[in-house]
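In order, the protein sequence lines correspond to chains D and Z. If you read the first sequence in numbering that gives the first Met the number 0, its first letter stands for residue 0, the second for the next number, and so on. If you read the second sequence in numbering that gives the first Met the number 0, its first letter stands for residue 0, the second for the next number, and so on. Beta carbons: idealized from backbone N, C-alpha and C, even for Gly.
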Amino acid sequence: MTLRNQAFVVGAYEHHTRDATRIPLAQLHAEVAVGALADAGLTLSDVDGYFCAGDVAGWDAPGCGPFSMVEYLGLDLRHLDTTESWGSAYINHVSHAVQAIVAGKCRVALITQAGRPRAERLSPERMHAEQTQSAHEAQVELPYGPVVTNMYGMVAARHMYEHGTTPEQLAWIKVAASHHAQHNPNAMLRQVVTVEDVLASPMVATPLHRLDCCVISDGGGALVIVHPDVARALDRPMITPTGAGFTVKHLNGGYFDILESGGVKSGAEAFAEAGVRPEDIRYASIYDSFTITVLVQLENLGFCPVGQGGRFVADGNLIAGVGRLAINTDGGGLCSNHPGNRGGMTKLIEAVRQLRGEAHPAVQVPDCGLALVHGTGGQLASRHGSATLILERV
Amino acid sequence: MSGTTLPIAPEPTSETAEFWDAANEGRLLLKRCLGSGRAFHPPRRISPFTGRPETEWFEASGAGKIYAFSITQRCGAPHCIAYVKLAEGPIILSALTECDVSSVQIGEPVKVTFVPSASGQLLPMFTPISNEGQSGRGGAGLGHQGPATARFLDKRQMEGK
Numbered sequence: 000m001t002l003r004n005q006a007f008v009v010g011a012y013e014h015h016t017r018d019a020t021r022i023p024l025a026q027l028h029a030e031v032a033v034g035a036l037a038d039a040g041l042t043l044s045d046v047d048g049y050f051c052a053g054d055v056a057g058w059d060a061p062g063c064g065p066f067s068m069v070e071y072l073g074l075d076l077r078h079l080d081t082t083e084s085w086g087s088a089y090i091n092h093v094s095h096a097v098q099a100i101v102a103g104k105c106r107v108a109l110i111t112q113a114g115r116p117r118a119e120r121l122s123p124e125r126m127h128a129e130q131t132q133s134a135h136e137a138q139v140e141l142p143y144g145p146v147v148t149n150m151y152g153m154v155a156a157r158h159m160y161e162h163g164t165t166p167e168q169l170a171w172i173k174v175a176a177s178h179h180a181q182h183n184p185n186a187m188l189r190q191v192v193t194v195e196d197v198l199a200s201p202m203v204a205t206p207l208h209r210l211d212c213c214v215i216s217d218g219g220g221a222l223v224i225v226h227p228d229v230a231r232a233l234d235r236p237m238i239t240p241t242g243a244g245f246t247v248k249h250l251n252g253g254y255f256d257i258l259e260s261g262g263v264k265s266g267a268e269a270f271a272e273a274g275v276r277p278e279d280i281r282y283a284s285i286y287d288s289f290t291i292t293v294l295v296q297l298e299n300l301g302f303c304p305v306g307q308g309g310r311f312v313a314d315g316n317l318i319a320g321v322g323r324l325a326i327n328t329d330g331g332g333l334c335s336n337h338p339g340n341r342g343g344m345t346k347l348i349e350a351v352r353q354l355r356g357e358a359h360p361a362v363q364v365p366d367c368g369l370a371l372v373h374g375t376g377g378q379l380a381s382r383h384g385s386a387t388l389i390l391e392r393v
Numbered sequence: 000m001s002g003t004t005l006p007i008a009p010e011p012t013s014e015t016a017e018f019w020d021a022a023n024e025g026r027l028l029l030k031r032c033l034g035s036g037r038a039f040h041p042p043r044r045i046s047p048f049t050g051r052p053e054t055e056w057f058e059a060s061g062a063g064k065i066y067a068f069s070i071t072q073r074c075g076a077p078h079c080i081a082y083v084k085l086a087e088g089p090i091i092l093s094a095l096t097e098c099d100v101s102s103v104q105i106g107e108p109v110k111v112t113f114v115p116s117a118s119g120q121l122l123p124m125f126t127p128i129s130n131e132g133q134s135g136r137g138g139a140g141l142g143h144q145g146p147a148t149a150r151f152l153d154k155r156q157m158e159g160k
């Protein structure tokens with residue numbers, strides 16, 4: 000199946016908040032849903048397909064979660080998809096939405112994402128334990144103290160060992176994010192930082208410093224994907240998914256390469272389906288939970304040869320208007336927003352802004368007609384779900 | 000984290016009881032897939048390579064090399080998580096102990112050692128072979144100094160500061 004012109008992204012909305020102490024989780028989902036539908040020129044009564052993941056309120060309670068959210072929004076559905084792959088889920092949902100629209104299962108698909116780890120004061124350590132303790136491998140992993148920081152630290156350490164990548168090269172990824180975030184009034188970290196600033200920040204998990212990490216923020220976002228007939232009746236830019244890929248990467252009984260993420264497969268599949276190559280892409284939204292996340296994914300997606308990521312990201316090559324590939328021009332998870340510790344939705348939204356020409360003028364890629372969105376949900380150093388999506392303005 | 004700073008105790012299941020019983024005896028067990036002949040980890044009943052239940056336990060040499068590691072600070076002491084590539088093939092998640100974590104290197108040979116968790120259940124961890132005969136056992140670790148962590152002492156601490 001070719002995805003091109005089968006469905007169109009007509010609505011996108013990112014919540015302005017980064018601290019939702021006074022906003023309950025379900026309300027966050029509702030606010031972004033209404034926002035994205037208003038952006039499209041639609042309302043909740045138009046929605047017949049709803050897509051959400053494990054971040055909806057009440058997810059763990061039988062009979063609640065997605066149903067509760069559907070009731071809150073007053074939706075009258077023909078289609079529900081709750082595919083969970085953590086931060087990459089929403090990127091995967093876009094592909095699922097196109098499939099559902101093509102199959103005639105819905106015409107207006109709504110995807111929501113929201114979270115409030117700041118308001119709930121979630122510690123990464125506690126989250127890791129709570130998320131994994133029922134898994135079969137938990138007993139042979141949790142006693143050793145895996146947390147998100149030291150797991151990504153191991154990826155960075157291995158990349159440095161195998162390829163001679165330096166902390167300075169990793170720091171350039173944060174520097175690029177900060178150059179973009181200075182233009183985003185909602186970004187958590189708007190101050191431009193230097194390589195030296197990153198290296199001078201406290202060590203969190205060797206070899207990663209505090210500024211190699213993304214922000215912890217509250218908020219969320221939503222996207223609306225519709226049938227071509229609906230899209231033509233709306234006066235919005237026509238953005239169509241043209242290629243998508245998804246896979247789950249795991250530890251394979253103990254035989255794995257920590258530097259090879261699922262992006263190798265999901266990226267290749269998406270590029271093949273879209274009929275484009277990495278060198279055709281000038282804007283990409285690349286999941287940036289840590290600086291090393293970006294570097295490994297860029298290699299895995301084919302933006303540079305394996306082992307050359309350090310050289311590729313250095314010297315401003317990821318800064319809009321400066322380098323060969325602009326990424327995360329909203330400031331990304333590293334500086335702007337990583338709502339609910341799930342970065343996939345904000346990645347989609349910034350890609351839509353770029354394709355519409357609605358990014359901040361200082362970071363807008365001229366004539367941006369093609370964008371790639373890629374996410375890693377779960378953990379690069381262990382099991383994770385990789386989703387790649389290619390979007391085109393037609 | 001709660002009161003204890005020992006590593007949290009594993010909760011064995013019927014698929015893993017042999018693994019944990021052996022650890023308490025100072026032996027590292029692995030599962031082997033009889034269909035493919037390959038060792039695998041984490042242990043489970045069904046082979047991840049063939050999908051078949053023909054698997055067996057065997058005692059690993061306990062030798063391996065550091066594949067990747069990362070040092071964090073926990074409870075005021077350095078904690079060094081590591082992936083260790085075992086001589087038998089699989090890479091397993093563990094931690095380094097009884098060593099100066101500030102000087103460990105990827106690729107360095109390590110051997111298994113056993114360290115108590117909060118319940119007293121021993122956990123397989125790893126220590127650099129080059130460390131042998133330097134630290135002695137008493138310095139390391141876990142449990143020997145009261146409620147101390149995944150207390151991976153650094154060199155300064157091991158030398159009594």
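Who are the near neighbours of residue 63/D in its chain, counting only those whose CB is closer than 6 Å to its CB and skipping five residues on each side?
Sequence-distant Cβ neighbours of residue 63/D in its own chain, meaning closer than 6 Å and more than five residues away, are 57.
Mind pulling the chain D residues with CB within less than 8 Å of residue 73/Z?
144
I need the straight-line Cα distance from residue 385/D to residue 25/Z, nearest angstrom please.
Each residue's Cα considered, the two are about 39 Å apart.
Would you say residue 192/D and residue 208/D are within 8 Å of each other, going by their C-beta atoms?
no
So if DSSP puts residue 80/D in a beta bridge, which residue, or which two residues, is it bridged to?
Residue 80/D pairs with 50/D.
Mind checking which residues open and close the alpha helix (DSSP H) that includes residue 70/D?
It spans 65–72 - the alpha helix (DSSP H) in which residue 70/D sits, taken as one unbroken run.
Rounded to whole angstroms, how far is the Cβ of residue 226/D from the Cβ of residue 352/D, which I believe are closer than 8 Å?
With 8 Å as the limit, residue 226/D and residue 352/D do not qualify as a contact, their Cβ atoms being about 23 Å apart.
Please identify the residue among 66/Z, 108/Z, 100/Z, 33/Z whose C-alpha is closest to the C-alpha of residue 57/Z.
33/Z
For residue 142/D, name the three-state secondary structure that DSSP assigns.
helix
If you drop the 5 nearest sequence neighbours on each side, which residues of the same chain put their C-beta closer than 8 Å to that of residue 156/D?
Residues of the same chain with a CB within less than 8 Å of the CB of residue 156/D, apart from the 5 flanking positions on each side, are 205, 206 in chain order.
Between which residues of its own chain and residue 219/D is the CB-CB distance below 6 Å, once the five residues before and five after are set aside?
14, 27, 31, 112, 113, 338
Would you mind telling me which residues of chain D sit closer than 8 Å to residue 47/Z, beta carbon to beta carbon, in chain order?
Taking a Cβ-Cβ threshold of 8 Å, the residues of chain D close to residue 47/Z are 251, 252, in chain order.
Give me the Cα-Cα distance between residue 78/D and residue 349/D, rounded to the nearest whole angstrom.
Each residue's Cα considered, the two are about 26 Å apart.
Using only alpha-carbon positions, find the residue among 305/D, 319/D, 296/D that is nearest to residue 376/D.
296/D
Pick out the complete alpha helix (DSSP H) segments inside the region 303–345 of chain D, 4 residues or longer, and give them in chain order.
As far as the region 303–345 of chain D is concerned, its whole alpha helix (DSSP H) runs of at least 4 residues are 308–312.
Rounded to a whole number of angstroms, what is the C-alpha to C-alpha distance between residue 305/D and residue 31/Z?
Rounded to the nearest whole angstrom, the C-alpha separation of residue 305/D and residue 31/Z is 32 Å.
So residue 43/Z contacts chain D; which residues on that side make the cut at Cβ distance below 7 Å?
135
If you reduce the DSSP assignment to three classes, tell me which class residue 385/D lands in.
strand
Please list the residues of the region 148–166 of chain D that have a C-beta atom closer than 9 Å to any C-beta atom in chain Z, keeping them in chain order.
148, 149, 150, 151, 152, 153, 154, 155, 156, 157, 159, 160, 161
I want to see whether chain D comes within less than 8 Å of residue 139/Z, judged by CB atoms only; does it?
Since pLDDT at residue 139/Z reaches only 38, below the 50 mark, its modelled position is unreliable, and no value is offered.
Check each candidate in 43/Z, 27/Z, 116/Z, 67/Z and name the one with the smallest Cα separation from residue 14/Z.
43/Z
Between the Cα of residue 187/D and those of 333/D, 366/D, 23/D, spot the shortest distance and give me the residue it belongs to.
333/D
Between residue 100/D and chain Z, is any beta-carbon pair separated by less than 8 Å?
no
Can you confirm whether residue 60/Z, when its beta carbon is compared against all beta carbons of chain D, has any partner nearer than 8 Å?
no
May I ask you to report which of helix, strand or coil DSSP gives residue 162/D?
Here residue 162/D sits in helix by DSSP.
Going by beta-carbon coordinates alone, are residue 117/Z and residue 5/Z separated by less than 8 Å?
yes
Short-range partners of chain Z found in the region 368–379 of chain D, where Cβ spacing is below 8 Å:
none
Within-8 Å CB hit, residue 291/D to chain Z
Answer no: the Cβ-Cβ gap between residue 291/D and chain Z never drops below 8 Å.
Do we get a CB-CB distance below 8 Å when we pair residue 11/Z with the residues of chain D?
So, interface residue.
Where residue 18/Z falls: helix, strand or coil (DSSP)
Residue 18/Z: helix per DSSP, three-state reduction.
Going by DSSP, which residues form a beta bridge with residue 242/D?
389/D
What are the residues in the region 188–220 of chain D lying within 9 Å of chain Z by C-beta distance?
202, 203, 204, 205, 206, 207
At the 8 Å Cβ level, is residue 93/Z part of the contact set with chain D, yes or no?
yes
Say whether the region 106–116 of chain Z touches the region 177–184 of chain D, bearing in mind that this needs 3 or more beta-carbon pairs closer than 8 Å, one atom from each stretch.
no
Name the one or two DSSP bridge partners that residue 72/Z has.
Beta-bridge partners of residue 72/Z (DSSP): 77/Z.
Local conformation of residue 31/Z per DSSP, three classes
Looking at residue 31/Z - three-state DSSP - the assignment turns out to be strand.
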